[in-house]
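Student: Each step along the sequence shown adds one to the number in the working numbering, with nothing skipped, and position 156 is 1112.
The beta carbon of each residue, even a glycine, is placed where N, CA and C say it ideally should be.
Only a predicted model underlies this, so the values are computations on that prediction, with no experimental measurement involved.
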Amino acid sequence: MVQKRRAPERLTKCKKKKISSTKSVITEDNQVKHDKSFSEKKCRAWFNQYCKQDDPEEIGPEGIESFCFDLNIGLESKEILIIAYFMDALQMGYFEYDEWIKGMKKMGTDTLDKLKQKLPELENYLLDPVFFKNLYKYAYNFARIDNQKYIDLEVAIGLWNILLNEENCPIINSFIEFLHIKQTVKAINKDQWSNFLEFSHNIPSDLNTYDEAGAWPVLFDEYILYLKEYQQHI
957 MVQKRRAPER LTKCKKKKIS STKSVITEDN QVKHDKSFSE KKCRAWFNQY
1007 CKQDDPEEIG PEGIESFCFD LNIGLESKEI LIIAYFMDAL QMGYFEYDEW
1057 IKGMKKMGTD TLDKLKQKLP ELENYLLDPV FFKNLYKYAY NFARIDNQKY
1107 IDLEVAIGLW NILLNEENCP IINSFIEFLH IKQTVKAINK DQWSNFLEFS
1157 HNIPSDLNTY DEAGAWPVLF DEYILYLKEY QQHI
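Have a look at this one:
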């Protein structure tokens, strides 16, 4: 997981509004089953293994790193992003205790071993189109610092590499290559992030029929131009 600076407390309170909720995708048919033996006491003791020494209500970047190490997952992995989503965690690199207990209750996991056993089940949620769409939307706000209206390009690329592949987004590799070549792009805004998936599935096979007067962000028009120029040199 990419680690970011924590928002000041006064901004944290203002930004506590969530963009999506796991409730919308946890139905009777596919819900994460709650363990009736869930123990808040055990869950708190588990949280305490990772929390800051100067703030027992928050896990910081070092604690997140230890948490991922214990789970045997990467800091930049699907698993940690899904876990953060179930917690409705506010910002990348930090888990507050109220977020932790909320997420662990949803997943029915009050110990490390239980969460390890749950990981394959959680990753299967990516096969649910509604869940995936909500996770994708959540990832953008999760990666923002404070109230910025964009996320840094490298952070966006990191998230795209976690969430996307050529099966669910056929253009992902060439689009990232385009961004690196362009060099002037330093950040991705919400409009670009939100529309990227739909755009990727609506590129005509004949690029000459692409409507540049459409409602896509200008960056996407520039990508089509890049593809046309590339094809001319093949």
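If we call anything under 8 angstroms between Cβ atoms a contact, is residue 1016 one with residue 1039?
Tutor: Within the sequence shown, numbered from 1, the residue matching residue 1016 stands at position 60. Within the sequence shown, numbered from 1, the residue matching residue 1039 stands at position 83. Taking 8 angstroms as the Cβ cut-off, residue 1016 and residue 1039 do not qualify as a contacting pair.
Student: Can you look up residue 1069 in the DSSP assignment and give me helix, strand or coil?
Tutor: As a first step, residue 1069 must be located in the sequence shown, where it is residue number 113. Residue state for residue 1069 is assigned as helix, using DSSP reduced to three classes.
Student: Is residue 1145 helix, strand or coil by DSSP?
Tutor: As a working note, residue 1145 is residue 189 in the sequence shown. Strand at residue 1145.
Student: Using the Cα positions of residue 1023 and residue 1051, report the straight-line distance between them to the nearest angstrom.
Tutor: Along the sequence shown, read from residue 1 onward, the residue named residue 1023 stands at position 67. Along the sequence shown, read from residue 1 onward, the residue named residue 1051 stands at position 95. Straight-line Cα distance between these residues: approximately 11 angstroms.
Student: CB residue 1131 to CB residue 1045, shorter than 8 angstroms?
Tutor: Along the sequence shown, one-based indexing puts residue 1131 at 175. Along the sequence shown, one-based indexing puts residue 1045 at 89. Taking 8 angstroms as the Cβ cut-off, residue 1131 and residue 1045 do not qualify as a contacting pair.
Student: Leaving aside the five residues before and after residue 1115 along the sequence, list all residues of the same chain whose C-beta is less than 7 angstroms from its C-beta, in chain order.
Tutor: In the sequence shown, counting from the first residue as 1, residue 1115 sits at position 159. A distance below 7 angstroms between beta-carbons, with the five flanking residues on each side excluded, links residue 1115 to the following residues of its chain, in chain order: 1095 and 1099.
Student: Considering Cα atoms alone, identify which of 1180, 1121 and 1090 is closest to residue 1134.
Tutor: Locating residue 1134 in the sequence shown gives position 178, where the first residue counts as 1. The candidate whose alpha carbon is nearest that of residue 1134 is 1180.
Student: Between which two residues does the beta strand (DSSP E) carrying residue 1127 extend?
Tutor: To locate residue 1127, count along the sequence shown from 1; it is residue 171. Per DSSP, residue 1127 belongs to no beta strand (DSSP E) and is neither H nor E.
Student: Under 8 angstroms, do residue 1034 and residue 1079 count as touching if we go by C-beta distance?
Tutor: Taking the sequence shown and counting its residues from 1, one reaches residue 1034 at position 78. Taking the sequence shown and counting its residues from 1, one reaches residue 1079 at position 123. Taking 8 angstroms as the Cβ cut-off, residue 1034 and residue 1079 qualify as a contacting pair.
Student: In chain order, which beta strand (DSSP E) runs of at least 3 residues are fully inside the region 1081 to 1142?
Tutor: 1106 to 1108
Student: Straight-line CA distance for residue 1026 to residue 1120?
Tutor: To locate residue 1026, count along the sequence shown from 1; it is residue 70. To locate residue 1120, count along the sequence shown from 1; it is residue 164. Counting only the Cα atoms, residue 1120 lies some 25 angstroms from residue 1026.
Student: Starting from residue 1034 and walking both ways along the alpha helix (DSSP H), at which residues does that stretch end?
Tutor: One-based indexing of the sequence shown puts residue 1034 at position 78. Looking at the DSSP string, the run of the alpha helix (DSSP H) that includes residue 1034 is 1034 to 1043.
Student: Would you grab the beta carbon distance between residue 1041 and residue 1091 for me? Rounded to a whole angstrom, and I think it's under 8 angstroms.
Tutor: As a first step, residue 1041 must be located in the sequence shown, where it is residue number 85. As a first step, residue 1091 must be located in the sequence shown, where it is residue number 135. At roughly 5 angstroms, the Cβ-Cβ gap stays under 8 angstroms, so residue 1041 and residue 1091 are in contact.
Student: DSSP three-state label for residue 1015, please.
Tutor: Numbered from 1 along the sequence shown, position 59 holds the residue referred to as residue 1015. Three-state result, residue 1015: strand.
Student: CA-CA distance, residue 1174 and residue 1062?
Tutor: For the purposes of this step, residue 1174 is taken as the residue at position 218 of the sequence shown. For the purposes of this step, residue 1062 is taken as the residue at position 106 of the sequence shown. Roughly 40 angstroms between the two C-alpha positions.
Student: Kindly list the residues whose CB is nearer than 7 angstroms to the CB of residue 1021, restricted to its own chain and excluding five residues on each side of it in sequence; keep chain order.
Tutor: Against the sequence shown, residue 1021 aligns to sequence position 65. So the qualifying residues of the chain are 1031.
Student: If you check the beta carbons only, do residue 1066 and residue 999 fall under 8 angstroms apart?
Tutor: Position 110 of the sequence shown, counted from the first residue, corresponds to residue 1066. Position 43 of the sequence shown, counted from the first residue, corresponds to residue 999. In contact: residue 1066 and residue 999 (Cβ atoms closer than 8 angstroms).
Student: Could you give the distance in angstroms between the alpha-carbon of residue 1176 and the alpha-carbon of residue 1124?
Tutor: Position 220 of the sequence shown, counted from the start, is the residue given in the question as residue 1176. Position 168 of the sequence shown, counted from the start, is the residue given in the question as residue 1124. Whole-angstrom Cα-Cα distance: 18 angstroms.
Student: Compare the C-alpha of residue 1150 against each of 1093, 1043 and 1001 and name the closest.
Tutor: Within the sequence shown, numbered from 1, the residue matching residue 1150 stands at position 194. Per the Cα distances, 1093.
Student: Does the beta-carbon distance from residue 1145 to residue 1182 come in below 8 angstroms?
Tutor: The residue labelled residue 1145 in the question sits at position 189 within the sequence shown. The residue labelled residue 1182 in the question sits at position 226 within the sequence shown. Contact: no.
Student: Helix, strand or coil for residue 1183, going by three-state DSSP, please let me know.
Tutor: Here residue 1183 refers to the residue found at position 227 when the sequence shown is read from its first residue. Reduced to three states, the DSSP call for residue 1183 is helix.
Student: Using only alpha-carbon positions, find the residue among 1111, 1072, 1005 and 1029 that is nearest to residue 1053.
Tutor: Looking up residue 1053 in the sequence shown gives position 97. When each option's Cα is compared against that of residue 1053, the closest is 1005.
Student: Secondary structure at residue 1051, three-state DSSP: helix, strand or coil?
Tutor: Start at 1 with the first residue of the sequence shown, and residue 1051 comes out as number 95. Three-state result, residue 1051: strand.
Student: Return the CA-CA distance between residue 1126 and residue 1152, expressed in angstroms with no decimal places.
Tutor: For the purposes of this step, residue 1126 is taken as residue 170 along the sequence shown, with counting starting at 1. For the purposes of this step, residue 1152 is taken as residue 196 along the sequence shown, with counting starting at 1. So the two alpha carbons sit approximately 12 angstroms from each other.
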